[in-house]
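Worksheet: the structure to be examined is printed underneath.
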Amino acid sequence: MKKHILLLLVLLPTMAWAQFDTYFTDASLRVDYVLTGNHDETTFSLNELIREPYWSGSKTNLIDTLQFGNYIVKVYEAGTDKLLFSKGYQNLYGEWTTTPEALNLTKSFDESVIVPFPKVEIDIVLSYRNWEGELKEGMRLTVSPDDYFIRNYDNLNLPVYDAWIGNKDFTKAVDIVILPEGYTQAEMGKFVKDCDFFVKSLFSYAPYDRYRESFNVRGVMAPSAESGCTMPGDHIYKNTAMRFSFWTFDSERYCMSTDNRDIRDLAGQVPYDQIYVLVNTEKYGGGGIYNFYCSSASSNSFSSDVIIHEFGHGFAGLADEYYTDETGYDHMYNLDIEPWEPNLTTLKDFSNKWGDMMDEDTPIPTRRMRQHERTIGVYEGGGYEAKGMYSPYMDCLMKTFKGHEFCPVCQRAIERMILYYSK
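Quick look at the structure:
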């Protein structure tokens, strides 16, 4: 029996790879779509389908078993219930719906998902979770690989800087593309140095330091017309490549962009799993959205910690663990259901979180006391909520920069994601 189990474990990756080659090519299909709505309702509409030149995701882990994110894309063999691919993600629109503005206003956001380009006709289903956590289908479309309305990607032939290549087989690595925001042509040398700083920062934190060969980092050298970043609160407006701006959702340090198409067009110059935008400014700030993109200031004294903190959001789906800062959100989480993030819990369904990492005698909830500073527990406060939400450690890079390290729970979540992409 043991021999049969061992043989199955050996064959599973080969079988998954065979399935990829049966149904998909080495290119990607980008689905550009529009989300329109407010706090109470959401509609999806198709914008455009684009064939991009690279598929950099895993060819063996095609089905998302983590189920992170309030949005999910699923690919089926057309007309059947045979699931070929799935992936969870977040987006800027979803965050906006939790702001006070969304209670009184309807807005539209451009969004995208990336799936392997098909060899056969497929059904693509985009779904989202509502406030009650129920999965709702938002859009379904059937796509033929021969559809002449699928636009071929326009390669801009921009110079690419290979900041770090740990595995030349990009389907077995975490591929990060770094995009420059607010760097003029004359500042491309600074961008190269900032890419090197990103790599140095990434691999100076655990658990990334143990997985250097599982990452590739490339910078796309796309200049902006003007240097710097838009800061509406200071009445500063810049003509930049991707139109990033501080004061996103009226939060001064939140630096994001609604210019999704330009971000995706620049990222598609190289194979990528994660997008990181370095913003050419000394102002403290940034942002990160799971499986969408991350951003941070490149020239701030906290740059290294901010880079790692934001990448924790975008790459591993880690939530903010602080709960006293003022944000633009009007209760981001429904405290009556369990959040999907691996480092938060409402104790509504704690069984799949970090209980297996706790000592049996650690109380639940756990008091924030000096004796518990290095103890994995269940501490009230997290996700911008002081009550009803709990986090696993008294302090962590997802809370403050005092310790300059991730807690064991966040480290495990990051490690699992690295293995998900690289195996």
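Here our numbering runs 351 ahead of the position in the sequence shown, where the first position is 1. For every residue, glycine included, the Cβ atom is placed at its ideal position computed from N, Cα and C. Note that this is a predicted model, so its numbers are computed, not measured.
If you measure between the beta carbons of T609 and D391, is that distance less than 8 angstroms?
For this step, residue 609 is matched to residue 258 along the sequence shown. For this step, residue 391 is matched to residue 40 along the sequence shown. Not in contact: T609 and D391 (Cβ atoms no closer than 8 angstroms).
Take every Cβ of the segment 478-493, pair it with every Cβ of the segment 416-423, and state whether three or more of those distances are shorter than 8 angstroms.
Output reads yes: the segment 416-423 touches the segment 478-493.
On a Cα-Cα basis, can you pick out the residue from D520, D616 and T387 that is closest to N508?
Taking the first residue of the sequence shown as position 1, residue 508 is located at position 157. The shortest C-alpha separation from N508 is found at D616.
I'd like the list of long-range same chain contacts for D415, defined as Cβ closer than 8 angstroms, with 5 residues on each side in sequence excluded.
Here residue 415 refers to the residue found at position 64 of the sequence shown. Answer for D415: I423, S437, K438 and G439, listed in chain order.
Counting only the same chain and skipping the five closest in sequence on each side, list residues whose C-beta sits under 8 angstroms from that of I614.
The sequence position of residue 614 within the sequence shown is 263, counting from 1. Result list for I614: L530, M593, S608, I626, V628 and Y644, in chain order.
Sort Y504, D474 and S379 by Cα distance to D432 and report the nearest one.
Walking along the sequence shown from the start, residue 432 turns up at place 81. The option with the nearest alpha carbon to D432 is D474.
Using a Cβ distance threshold of 8 angstroms, determine whether the segment 521-528 contacts the segment 558-567, with at least three qualifying pairs required.
They touch, by the three-pair rule.
Do D687 and K704 have their CB atoms nearer than 8 angstroms?
Translated into positions along the sequence shown, residue 687 becomes position 336. Translated into positions along the sequence shown, residue 704 becomes position 353. No. Outside cutoff.
Among the candidates M720, V729, M582 and Q722, whose CA atom is the shortest distance from the CA of D707?
Position 356 of the sequence shown, counted from the start, is the residue given in the question as residue 707. It is V729 whose Cα lies nearest to the Cα of D707.
Quick one: give me the first and last residue of the beta strand (DSSP E) that A667 is part of.
Within the sequence shown, numbered from 1, the residue matching residue 667 stands at position 316. Looking at the DSSP string, A667 is not in any beta strand (DSSP E); the run it does join, the alpha helix (DSSP H), is S654 to A667.
In the DSSP output, which residue or residues are listed as bridge partners for E645?
In the sequence shown, residue 645 corresponds to position 294, counting from 1. First, the amino acid is wrong: residue 645 is Cys here, not Glu. For C645, which the question treats as bridged, DSSP gives the partners Y627 and G639.
When you compare only the Cα positions, how much space is there between L443 and E724?
Against the sequence shown, residue 443 aligns to sequence position 92. Against the sequence shown, residue 724 aligns to sequence position 373. Approximately 34 angstroms, taken between the alpha carbons.
Does the count of Cβ pairs from the segment 662-674 and the segment 445-461 closer than 8 angstroms reach three?
no
Residues in the same chain with beta-carbon distance under 6 angstroms from K774, minus the five sequence neighbours each way, listed in chain order, please.
Residue numbering aside, residue 774 sits at position 423 when the sequence shown is read from its first letter. Excluding residues within five positions, none has a Cβ falling inside 6 angstroms.
At 4 residues or longer, and completely inside the segment 586-612: list those alpha helix (DSSP H) runs for me, N to C.
none
So what does T393 bridge to, in DSSP terms?
Numbered from its first residue, the sequence shown carries residue 393 at position 42. Per DSSP, G388.
Report yes if the C-beta distance between T387 and T376 is below 8 angstroms; otherwise report no.
Residue 387 sits at position 36 when you count from the first residue of the sequence shown. Residue 376 sits at position 25 when you count from the first residue of the sequence shown. For T387 and T376, no; Cβs fall outside 8 angstroms.
Using three-state DSSP, classify K353 as helix, strand or coil.
Within the sequence shown, the letter at position 2 stands for residue 353. Here the model assigns K353 a pLDDT of 43, short of 50, so the residue's position is not dependable, and the following value carries that caveat. In this structure, K353 counts as helix in the three-state DSSP scheme.
Comparing alpha-carbon positions, which option in V528, P716 and R381 lies nearest A618?
As a position in the sequence shown, residue 618 is number 267, starting the count at 1. When each option's Cα is compared against that of A618, the closest is V528.
Just list the residues that DSSP pairs F460 with in beta bridges.
By 1-based counting over the sequence shown, the position of residue 460 is 109. Its beta-bridge partners are L386.
Just the C-alpha distance for D383 and F701, rounded to the nearest angstrom, thanks.
Your numbering for residue 383 matches position 32 in the sequence shown. Your numbering for residue 701 matches position 350 in the sequence shown. So the two alpha carbons sit approximately 36 angstroms from each other.
If I measure Cβ to Cβ from L413 and keep anything under 6 angstroms in the same chain, skipping five residues before and after, which residues do I get?
As a first step, residue 413 must be located in the sequence shown, where it is residue number 62. F436.
What are the start and end residues of the beta strand (DSSP E) that includes Y759?
If you number the sequence shown from 1, residue 759 lands on position 408. It should be noted that the sequence gives Pro, not Tyr, for residue 759. Looking at the DSSP string, P759 is not in any beta strand (DSSP E); the run it does join, the alpha helix (DSSP H), is P759 to S773.
So Y744 and C758 are supposed to be a Cβ contact under 8 angstroms. How far apart are they, rounded?
Working through the sequence shown from its first residue, we reach residue 744 at position 393. Working through the sequence shown from its first residue, we reach residue 758 at position 407. The Cβ separation is near 4 angstroms, so the contact holds.
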